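See structure below.
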Amino acid sequence: MQNSTNTVADMKEHIEKELAHSYMKKFIRHPQIDEDKLFYICSFLKTLPISDEEFKTYVTSIMLVQTALDAHDLVTIQALQENDLLKQRQLTVLSGDYYSGLYYSYLSQQGSISLIRETSAGIKDINVAKMKLYYTDHLSTEEALEHLYTIETSLIQSLCRYFGKPEWQALLGHAMYMKLLFRLLDGQKPRASFLTNRIKGEQEVSLETILYPSLVRSQAFIQESASKMSSLDEELQDDLNGLFQRFKQSQSRL
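Under the numbering used here, the first residue of the sequence shown is numbered 35, with each subsequent residue one higher.
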């Protein structure tokens, strides 16, 4: 199989074709494909004894449902008055449902009913965590970060769990979580200001200070999980090293 960078590029092009819908493209923007998650999924699946067709099916289906979840995240939580904005919000919800339908279609054609059950449990956990994060009053910092971790990692962890790979489950989950925290620090996450306010509450300290313990724990989990593996793909190792380097930079500013 080709290297991960080329694989990710090919799979991204394939997934974008699957997501293409002329009516929705005219009226709404679907979320960008999360290339970090796509990279991690491809890196993981490349280590398994599966066919190229199975690889393509698993990658496409998981990224379709991830895009469905991301599409629903684009829906504003504020009340809308204007008809055009209301229509756009309704179409965005429908687009997420459409992508979810494609996901179920892909896996059912493959006969992967047990994977559907596993990922459905992960999706349920994500939706419950979103409701608690967005709508619970007086949420503690620890609770907010726990919900963020669940939202960011449950889907890919369900895939690793399906294949019985707990070390990958921990490694990729915490790698994704670290990237999420760095995006929040950079203000690059959708609803970043809302999420930052949920994490900080009324605390008068920097976001970096609040997130530092989570970054320490995630780095430790990644290193522990990696130590249990015989070897890691060079591109994946480079990616993890980049996370560790970014962590050192954040550490130096505290």
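Note that CB positions come from ideal geometry on N, CA and C, so glycine has one too. Quick caveat: nothing in here was measured; it's all calculated off a predicted structure.
By the Cβ criterion, the stretch 251-262 is in contact with the stretch 197-207, since at least three pairs of Cβ atoms, one from each stretch, lie closer than 8 Å. When the five nearest sequence neighbours on each side are left out, the beta carbons in the same chain lying within less than 8 Å of the beta carbon of R217 are those of K223, A226, in order along the chain. C-alpha of F281 to C-alpha of L241: approximately 14 Å in a straight line.
Between L82 and I49 the beta-carbon gap is near 19 Å, outside 8 Å, which marks them as no contact. Taking the Cβ atoms as the reference, T101 lies roughly 6 Å from L53, within the contact range of under 8 Å. Shown here, V42 sits in a helix according to DSSP, grouped into three states. Inter-segment contact for the stretch 153-160 and the stretch 180-193 is present: three or more beta-carbon pairs are separated by less than 8 Å. Q283 and N275 have their C-alpha atoms some 12 Å from each other. Close CB contacts of T175 within its chain, under the 8 Å cut and outside five residues either way in sequence, are with I233, K234, G235, Q237, I244 (chain order). The beta carbon of Q191 sits closer than 6 Å to those of Q203, G207, all from its chain and outside the five residues before and after it, given in chain order. In this structure, the straight-line span from the alpha carbon of L215 to that of K51 is close to 30 Å. In the displayed model, I233 falls within a helix according to three-state DSSP. At the C-beta level, L79 and V42 stay beyond 8 Å of one another. Bounds of the alpha helix (DSSP H) holding K282 are 268-286. From the listed residues D68, D44, Y74, D86, the smallest Cα separation to Q271 is found for Y74. A residue is called buried once 16 or more other Cβ atoms fall within 10 Å of its Cβ, and G156 is buried on that count. Counted as a single uninterrupted DSSP element, the alpha helix (DSSP H) harbouring S192 occupies residues 175-196. Rounded to whole angstroms, V250 and Q66 show a C-alpha spacing of 29 Å.
Just so you know, the alpha carbons of L193 and A209 end up roughly 15 Å apart. From the listed residues S154, I150, L229, the smallest Cα separation to T170 is found for L229.
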